[in-house]
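Enquirer: First the structure, then my questions, so here it is.
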Amino acid sequence: MIIKTLFFKTQLIAGLSMAVLNFAQNAPVSINKDFKLNTHYMTPENNFAKAGVEVKDGYIISGQNFVQEGDAEYNSAIIKIDKNGKLLRKTVLGDNKDFDKESVMKTVYSINNNRLVQLGSKKIDKRSYLWLREVNDNLDVLQDKVYESVSAAATHDPVVFNVPDGFFVVSESAFSRDLEINLTFISNDLQKTDNHIISFIEPPFDFFGRFDYSAALVNNKFYLITNGVDERNAQDTSNKYKTYILEYDLATRKVTKHKKISEADFMSRKLLINKDLIYVVGVKDTGEPILNKTGRRNTLVKVLNMNFDKVKEFNYIPSPDKGKFSEHLYDAAIVNDELHIIGEMYRSGTFSNESVYLKFDLNGKLLDDRFLKYGSMYSENRLIKIVPLKNNELMLLGKGEGWRVIIK
0 MIIKTLFFKT QLIAGLSMAV LNFAQNAPVS INKDFKLNTH YMTPENNFAK
50 AGVEVKDGYI ISGQNFVQEG DAEYNSAIIK IDKNGKLLRK TVLGDNKDFD
100 KESVMKTVYS INNNRLVQLG SKKIDKRSYL WLREVNDNLD VLQDKVYESV
150 SAAATHDPVV FNVPDGFFVV SESAFSRDLE INLTFISNDL QKTDNHIISF
200 IEPPFDFFGR FDYSAALVNN KFYLITNGVD ERNAQDTSNK YKTYILEYDL
250 ATRKVTKHKK ISEADFMSRK LLINKDLIYV VGVKDTGEPI LNKTGRRNTL
300 VKVLNMNFDK VKEFNYIPSP DKGKFSEHLY DAAIVNDELH IIGEMYRSGT
350 FSNESVYLKF DLNGKLLDDR FLKYGSMYSE NRLIKIVPLK NNELMLLGKG
400 EGWRVIIK
């Protein structure tokens, strides 16, 4: 496969106006024989790409981008680039100035009939609700709606699952004490909604806390994993998150199956379903201390059948020549019977982190492990999101001297 890296960063050119600065672009620089394209956009400070789609004449990418323009402060952006990485358009959005009016919009998804929607969170009267924008290929806004029937937080980006008559949005409730997940159906015309709520403080669950989630939709049933604290009377519950998996039937609006599949040494990050097998991808604490970090964690994949019984598991441990790492895993995808995993790693003995890309076959054999580092030894590098594209290609999104986009 050919890997294209689209890599964005602003250039500082004296005498140019701020508008020109925002659209400045470095010439492509070859840093690796496998990389076909390397350009730069956005400044590095706390900016990263988080979602993307392919359109007929390029790619549309969205993510976090803190910027001030006049009296306005923004936290999100969406851009369009051509197939060669040339920046065509950019829009900044998301109110970052007034906490009581805060809005966040870091996603973009393709829905039915090749339409594009962005999903995020917007505050009205100090309460956060699900925010949707429909845009076209030129980033023009076609519809802008807030669904005040759906409380949605900005801490976890909403995700989309398409169905024939619309799409489902999975989002986290803005009422954090309720420990709720929304499964919201939105019709193709964006007018009708039906919200399902899964609560983790009501039977069959009784959580003291909850962290992260991932979901899949198969045959009118949602499958969801989350990390929950179920030791309400324990002295220290802060680190005792255990992975739970559940099946939710959309027709009956009930949790029909659930199971705890780990103890507190494993943190799940991604749920995938492929050929009647469930892949739960996360990180496992090995108990081995490493310099500058509290402990070593390695990527672990748990494979379950549809009854949530264990089939097998496999993990990733870097070879001795690569050193020891503590891993943070962000996303995974199965494409063409191969499991792709991305995240970041901290190398033992340094304060430096590197982006990581792993590839396995579905039997657990490691096919590729790649570490990417840009900027100084202290610069942040991470890959955050995998977007499957046409022809078994992948878009890998993240951070490293600005927004990074890899087309693989």
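Quick note on numbering that gives the first Met the number 0: the sequence shown kicks off at 0 and runs consecutively. All C-beta atoms, glycine included, are put in the ideal place defined by N, C-alpha and C.
#1: Of all the options Ile200, Gly69, Leu361, which has the alpha carbon lying nearest to the alpha carbon of Leu178?
#2: Per the DSSP calculation, Gln63 is bridged to which residue(s)?
#3: Starting from Asp308, follow its DSSP beta bridges and name the residues at the other end.
#4: If you check the beta carbons only, do Asn74 and Gly93 fall under 8 Å apart?
#5: Per DSSP, Thr427 forms a beta bridge with which residues?
#6: Using 8 Å as the threshold, is the C-beta distance between Val169 and Leu182 below it?
#7: For Val134 and Gln117, which I take to be in contact (beta-carbon distance under 8 Å), what is that distance rounded to the nearest angstrom?
#8: For the beta strand (DSSP E) containing Gly363, list its first residue and its last residue.
#9: Would you mind stating whether Leu328 and Gly342 have Cβ atoms separated by less than 8 Å?
#10: Under the DSSP definition of a beta bridge, which residues are partnered with Val168?
#11: In the DSSP assignment, find the beta strand (DSSP E) that holds Val279 and state where it starts and stops.
#12: Pick helix, strand or coil for Asn219, following the three-state DSSP scheme.
#13: On the DSSP bridge list, what partners appear for Gly342?
#14: Can you tell me whether Tyr212 is buried or exposed? The criterion is at least 16 other CB atoms within 10 Å of its CB, across all chains shown.
#15: Take Phe174 and list the residues in its own chain whose beta-carbon comes closer than 8 Å to its own, dropping the five residues that flank it on each side.
#16: Roughly how far, in whole angstroms, is the beta-carbon of Tyr222 from the beta-carbon of Leu270, given that I think they are within contact range, below 8 Å?
#17: Terminal residues of the continuous beta strand (DSSP E) containing Ile197?
#18: For a test of the three-state rule: what should DSSP assign to Pro202, helix, strand or coil?
#19: Contact defined as beta carbons within less than 8 Å: I believe Ile180 pairs with Val107. What is the distance between those atoms, to the nearest angstrom?
#20: Let me know the secondary structure DSSP gives Asp248 once reduced to three states.
#21: Hey, is Arg209's beta-carbon within less than 8 Å of any beta-carbon in chain D?
Expert: Let me lay it out:
#1: Ile200
#2: Phe47, Ser75
#3: Beta-bridge pairing links Asp308 to no other residue.
#4: yes
#5: In the structure displayed, the chain extends from 0 to 407; residue 427 sits before or after that span and is not available.
#6: yes
#7: 6 Å
#8: First-last for Gly363: undefined, no H or E at that position.
#9: yes
#10: Val159, Thr183
#11: 276–284
#12: coil
#13: Leu328, Val355
#14: buried
#15: Ser150
#16: 6 Å
#17: 192–198
#18: coil
#19: No, Ile180 and Val107 are not in contact; Cβ-Cβ is about 22 Å, not under 8 Å.
#20: strand
#21: You won't find chain D in this structure, because it holds only one protein chain.
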